[in-house]
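The structure appears right after this line, and notes come after that.
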Amino acid sequence: MALIKLQGVERCYQLGDNEVRALDGVSLSIEAGEYVAIMGQSGSGKSTLMNVLGCLDNPTAGRFLIDGRDVGTLGPDELAALRRERFGFIFQRYHLLPHLDARDNAALPAVYAGESVGRRGARAQALLARLGLAERLHHKPHELSGGQQQRVSIARALMNGGQIILADEPTGALDSRSGEEMLTVLRELNAAGHTIILVTHDAHVAAQARRLVELKDGRIVRDEVTQPAVAAKAVQPDAVAPMRDAPWLLRMAVQWREALATAWLSLRGNRLRTALSMLGISIGIASVVSIVALTSSARNLFEGEFVGLMSGRLWVWRDTAKLPPGTPSSPFRPAEIESLRALPGIAAIQVERRVQLVVRHRNRDASMQASAANADTLRDRQRKIAEGRFFTPYEMAAGAQVALIDKQALESVFKKGESPVGQTVLLSLQGTGDFGGGTAAATPLPFLIVGVTDSSSQLGFDFGSGRLLVPEQTLARKLDVRSTVESFSVLMDFKLPPEEVERQIKHRLVGLRGQQDFSFWSGNEEFEKLQRFNSGFAALLAGVGAIALLVGGVGVMNIMLVTVSERTREIGIRMAVGARQGDIRLQFLIEAVVLCCLGGLTGVAFSWLAAQGLNAVQQTLQVQVSAAALVLAFIVSSAVGLIFGTLPARRAAALSPVDALARE
Ligand code: ADP
Ligand code: MG
């Protein structure tokens with residue numbers, strides 16, 4: 030069976046209304062081991078025939094069989110496999126990839142067969158050494174002479190076996206000495222069993238072949254054997270054995286590695302362009318990361334400050350401001366509070382007990398408000414112990430005469446720099462007051478200061494901060510005689526909406542008191558306001574981020590389209606040596622993703638720096654750029670790369686090899 034068989038092959042080009050028949054009914058049969066020269070004048074169809082033979086181009090009519098297999102029925106990937114496993118191309122203009130060195134250029138076809146870096150490097154090195162380029166392995170094409178470049182392209186043609194070598198005017202661009210060397214190599218290859226098909230318009234070159242086929246206007250006008258073909262037994266089978274594809278997984282790993290390496294080279298080769306296209310993505314990712322960091326830090330802060338304290342609570346306090354001046358009003362009575370406890374939707378009522386005291390230390394005294402403290406106080410009020418300690422459970426249960434003093438209040442009775450902890454102060458009730466009537470604390474009582482509280486909330490919220498804290502029991506037993514209930518807070522159980530609870534309390538209290546001499550304040554409402562602000566801010570940043578990502582993505586798509594058109598010839602070369610459409614798609618997709626991920630990484634770096642700056646100038650909001658943000662940035666920028674890289678990658682993969690190669 031003939032290795033190659035053409036039957037009535039036509040290839041027409043449509044040029045406007047004109048139809049150019051580059052091949053017009055070519056029938057030709059070539060056996061393994063032949064050395065065929067295809068001759069003819071310029072424009073006679075030689076290159077077109079060569080492209081058809083090499084599965085780079087499809088005939089418009091007729092049949093083309095390789096080993097009896099009809100090539101016309103094969104899909105793009107099967108054609109790529111044929112090119113990879115059977116053919117080696119030698120082009121007049123060498124068609125080496127300019128950014129790769131001699132060894133990597135020669136090894137290129139093995140990339141698409143899935144050979145590992147080490148193995149393909151070794152094989153390329155051996156081939157180049159045989160062609161006299163052992164000293165030139167790491168030279169880029171522009172550092173090599175024409176003859177040397179052509180030898181690199183021979184090595185590339187032999188990389189995967191090169192059973193059939195197609196050489197289109199291989200000596201056309203060479204000086205005569207290099208040309209002779211080239212012909213010698215081809216003869217040797219033929220002697221080793223490679224089938225050689227050589228295109229030339231030069232009779233001297235054609236004379237090297239064993240068979241002459243002459244084309245004229247797309248038709249064969251001469252076909253004669255000038256020397257007998259190489260004897261079949263002279264063929265060295267392993268010299269022409271095709272390199273088979275590696276297992277799928279390994280091949281994918283090799284493909285990914287190649288795509289990443291190529292992306293890196295390409296991006297590094299266009300630094301300014303890369304930096305500019307990264308910018309949009311960076312801004313987008315910086316916004317996204319900042320949102321996550323800011324909102325989560327802000328939420329921590331707000332929740333720490335408010336949620337424990339206020340959410341689910343309703344404050345009720347005596348307030349006569351809305352009543353006509355002079356209207357009498359009294360503090361809340363215990364019976365009123367008790368009656369509220371029975372209302373639905375209320376989990377607990379906490380009465381705020383405070384008392385105005387005179388604090389005396391040595392010869393200084395000051396008027397201060399004291400509040401009751403229990404075990405929840407510290408958590409509730411965001412108080413921190415600045416010095417000393419909090420009350421012990423025993424002190425709280427026993428009503429011990431111990432107190433905590435507020436940091437700001439300190440200075441009114443203690444000397445500057447003096448530690449109050451461990452000192453004793455005398456507490457007595459101030460004035461006579463209007464209500465109550467006992468005289469339990471009419472004489473000053475000694476209290477031990479056990480600690481200093483730092484109650485200044487970071488946001489300036491400081492609800493009912495007594496300047497002095499004493500245990501609840503102590504206040505009740507020893508100081509409470511003059512305390513009045515001016516306010517209380519209601520802890521809701523969320524079985525009813527807060528507004529409904531508020532309405533009921535209002536109804537009940539107005540019923541009992543005869544007038545509305547009180548006001549409400551709901552922590553919920555404030556918290557919701559803050560949350561609305563917070564989420565509004567997040568939405569704004571998210572909007573900025575989304576727009577920047579969109580703009581950045583479009584920028585990346587744009588630059589990738591430019592890259593594809595700039596690198597069309599590279600794509601053609603890769604396809605000629607056997608790259609599948611998927612390989613090309615992967616290459617450009619990965620380049621887009623790498624570009625976006627680099628942008629994302631700089632974006633994260635931006636926001637990290639911004640966070641450090643923000644944290645350095647203020648303490649209220651400590652922003653953390655977390656590992657989760659990094660992962661998010663990676664995912665988002667990869668997604669942007671995938672989305673916006675798809676179109677350019679598809680474009681690249683859809684190129685026809687012959688068109689891509691012809692592009693300058
Ligand atoms: P040769 O290699 O022998 O010089 P070609 O195979 O390159 O000839 O071209 C054969 C004919 O086909 C020429 O007339 C040429 O103008 C035409 N041709 C080749 N490629 C194209 C193309 N892509 N589009 C239109 N016409 C083409
Ligand atoms: Mg030509």
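Just so we're aligned: the sequence shown equals residues 30 to 693 in my numbering.
Glycine residues also receive a C-beta, built at the ideal position from the N, C-alpha and C atoms.
Relative to the Cα of I249, the nearest Cα in the group A61, K558, M68 belongs to M68. With a contact defined as Cβ atoms closer than 8 Å, I534 and L659 miss out at about 49 Å. About 6 Å separates the beta carbons of G428 and P500, which is inside the 8 Å limit, making them a contact pair.
In this structure, DSSP gives Y42 an extended state, which the three-state scheme calls strand. If you compare the alpha carbons of R92, C84, D96 with that of G104, the shortest gap goes to C84. With at least 16 other beta carbons inside 10 angstroms of its own, G208 counts as buried. Leaving aside the five residues that flank S667 on each side, the residues in its chain whose CB is nearer than 7 Å to its CB run, in chain order, V622, C625, C626.
Between I314 and G632, the C-beta spacing is below 8 Å.
C-alpha of G565 to C-alpha of G674: approximately 32 Å in a straight line. Exclusion of the five residues before and after L125 leaves N134, P170, Q178, V181, S182 as the residues of its chain whose Cβ lies within less than 7 Å of its Cβ. Assigned with DSSP and collapsed to three states, D231 falls in coil, not helix or strand.
Exclusion of the five residues before and after N80 leaves D86, V687 as the residues of its chain whose Cβ lies within less than 6 Å of its Cβ. Here Q284 has D612, L615 as same chain residues with Cβ atoms under 7 Å from its own Cβ, once five neighbours each way along the sequence are excluded. With respect to the C-alpha of V519, the residue from A202, V228, I375 having the closest C-alpha is I375.
In the DSSP annotation of this structure, V146 is not part of any beta strand (DSSP E); the continuous alpha helix (DSSP H) holding it starts and ends at 146 to 159. F93 carries a strand assignment under DSSP once its states are collapsed to helix, strand and coil.
For L474, the uninterrupted beta strand (DSSP E) segment begins and ends at 474 to 483.
Beta-bridge partners assigned by DSSP to G117: I194.
Spanning the alpha carbons of T324 and K413 requires a straight line of approximately 25 Å.
Secondary structure at Y141: helix, using DSSP grouped into helix, strand and coil.
A238 and V65 have their C-alpha atoms some 6 Å from each other. R113 places its beta carbon less than 8 Å from that of G607.
Where F361 is concerned, there is no enclosing beta strand (DSSP E), because DSSP gives it neither an H nor an E.
In chain order, the residues positioned with their C-beta nearer than 6 Å to some heavy atom of the ligand MG are K75, S76.
Here L477 has V431, T453 as same chain residues with Cβ atoms under 6 Å from its own Cβ, once five neighbours each way along the sequence are excluded. Exclusion of the five residues before and after R496 leaves M397, Q398, D435, A438 as the residues of its chain whose Cβ lies within less than 6 Å of its Cβ.
The criterion of a C-beta distance shorter than 8 Å is not satisfied by L187 and F118. Under DSSP, the beta-bridge partners assigned to Q398 are Q385. Out of G62, G670, R418, the CA that lies nearest to the CA of A31 is found in G62. A straight-line Cα-Cα distance of about 38 Å links E144 and L579. Membership of G601 in the alpha helix (DSSP H) is indicated by the continuous run 597 to 605.
Short note on A657: C-beta not closer than 7 Å to any heavy atom of the ligand ADP. Where N644 is concerned, the enclosing alpha helix (DSSP H) starts and stops at 610 to 646. With respect to the 8 Å criterion, R132 and L166 are classified as neighbours on the basis of their beta carbons. Counting along the chain, the unbroken beta strand (DSSP E) around L456 starts and ends at 453 to 458.
For S73, the distance from the CB to the nearest heavy atom of the ligand ADP is below 7 Å.
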